[in-house]
Amino acid sequence: MRIATWNVNSIKQRLDHLATFVKSAEPDVLCLQELKCTDETFPRAEVEALGYNVVTHGQKAYNGVAILSKRPLEDVRRGLPGDDGDEQSRYLEGVVSTPAGIVRVASIYLPNGNPIGTPKFDYKLAWMDRLNAHARRLLALEEPLVLCGDYNVIPEPEDAANPEAWANDALFRPESRRKFRELLNLGFADALRSCSDQPGLYSFWDYQAGAFQRNNGIRIDHLLLSPQAQDRLKSASIRKEVRGWDKPSDHVPVMIDLETGE
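Using our numbering, the first residue of the sequence shown is number 1406, and each one after it goes up by one.
Okay, here's the thing in structure tokens:
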């Protein structure tokens, strides 16, 4: 079972890229972030024509997450529990049935949090607390669980080409990294780092100053696995070449393969 995550940075602008990617990679499940459209304006017919069931949690002009699945999605949850007043569309969860049992998948677009010392950073940290609390409840189900998405967190210095440049950025602040470690310490595994400790593995390159050409990137797109999912992990990879396409997203897809007994 192939599961991928990708911040597309506007689904309408990247629809051709999406089609190209799914035809080449053939993910069974694809979690998308930063749709920048409402549920009503999501290009559902075009995506369904690619062979996917679609659930979305959209928002006009900002945020928005989706899960695309070749199999039907069940037990869908839109929005992260813990704050009924939160109007930002950043969390979507569903269950996919396979011959080996179910796999629960979430698409996450964690807040950026910049600038430091503002309500945006406070919101990021509070959102991470809510995510950790919900993840703890999900772990108690003892299911294969994959939390996919753009976490807007650089976990370790080796996850940035130039970590010093990010020292005062919300993505690399100790507070953000600490809450990310708290999530891992609940029992999750970072899929990519479970498969490789190779340096220079990034999922985001800024549009400015030739960052991609110089490989001045950061790794902020992660797939975190429950123990039951980690037991099935076969491989993890980053589709770096997608960043070199014409008018790309600043993020690229990250993928894993799980053994499902098929």
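Positions of the beta carbon are idealized from the N, C-alpha and C atoms, including for glycine. In this text, all values refer to a predicted model and were calculated from it rather than measured experimentally.
Cutoff 6 Å; reference residue i; Cβ partners in own chain excluding five residues on either side
i       : result
His1462 : Val1470, Arg1483, Ser1494, Leu1497
Ile1661 : Ile1408, Ala1596, Leu1628, Ala1641
Gly1518 : Lys1525, Phe1526, Lys1529, Ala1575
Leu1435 : Ala1409, Leu1473
Arg1509 : Val1500, Glu1548, Leu1550
Val1481 : Val1460, Gly1499
Residue i to residue j span [Cα, whole Å]
i       : j       : result
Lys1475 : Arg1583 : 35 Å
Pro1604 : Asp1555 : 20 Å
Leu1550 : Gln1464 : 25 Å
Arg1644 : Tyr1528 : 31 Å
Glu1547 : Ile1416 : 33 Å
Val1427 : Leu1437 : 12 Å
Glu1492 : Ile1472 : 19 Å
Leu1552 : Pro1448 : 24 Å
Val1501 : Pro1520 : 37 Å
His1404 : Leu1543 : With the chain represented from 1406 up to 1667, any question about residue 1404 goes unanswered, as that position is not in the structure.
Ala1634 : Pro1562 : 26 Å
Leu1455 : Gly1490 : 35 Å
Asp1626 : Ala1511 : 13 Å
Tyr1467 : Asp1488 : 19 Å
Ser1599 : Ile1507 : 22 Å
Cut-off 7 Å between Cβ atoms - residues of its own chain near residue i, not counting five sequence neighbours on either side
i       : result
Asn1414 : Glu1439, Ser1654, Asp1655, His1656
Pro1632 : Gly1592
Glu1580 : Leu1530
Arg1578 : Ile1521
Val1459 : Arg1449, Val1452, Glu1453, Ala1471, Leu1473
8 Å Cβ shell around residue i - same chain, five flanking residues per side excluded
i       : result
Leu1515 : Arg1495, Lys1529, Trp1532, Met1533, Leu1536, Gly1554, Asp1555, Tyr1556, Asn1557, Val1558
Asn1620 : Ala1566, Gly1605, Tyr1607, Trp1610
Phe1585 : Met1533, Tyr1556, Val1558, Pro1560
Asp1444 : Thr1461, His1462, Gly1463
Distance between beta carbons of residue j and residue i, contact taken as under 8 Å
i       : j       : result
Arg1541 : Leu1591 : 6 Å
Glu1451 : Leu1420 : 6 Å
Arg1637 : Leu1663 : 4 Å
Met1406 : Thr1503 : 6 Å
Trp1411 : Pro1568 : Going by Cβ atoms, the distance from Trp1411 to Pro1568 rounds to 24 Å, so no, they are not a contact pair.
| Just checking, does the stretch 1562-1573 make contact with the stretch 1647-1655 on the three C-beta pairs under 8 Å criterion? | no
| query | Can at least three beta-carbon pairs, one atom from the stretch 1537-1546 and one from the stretch 1608-1617, be found at a separation below 8 Å? | reply | no
| message | In chain order, what are the residue ranges of uninterrupted beta strand (DSSP E) at least 3 long that sit wholly in the stretch 1593-1644? | response | 1626-1630, 1638-1643
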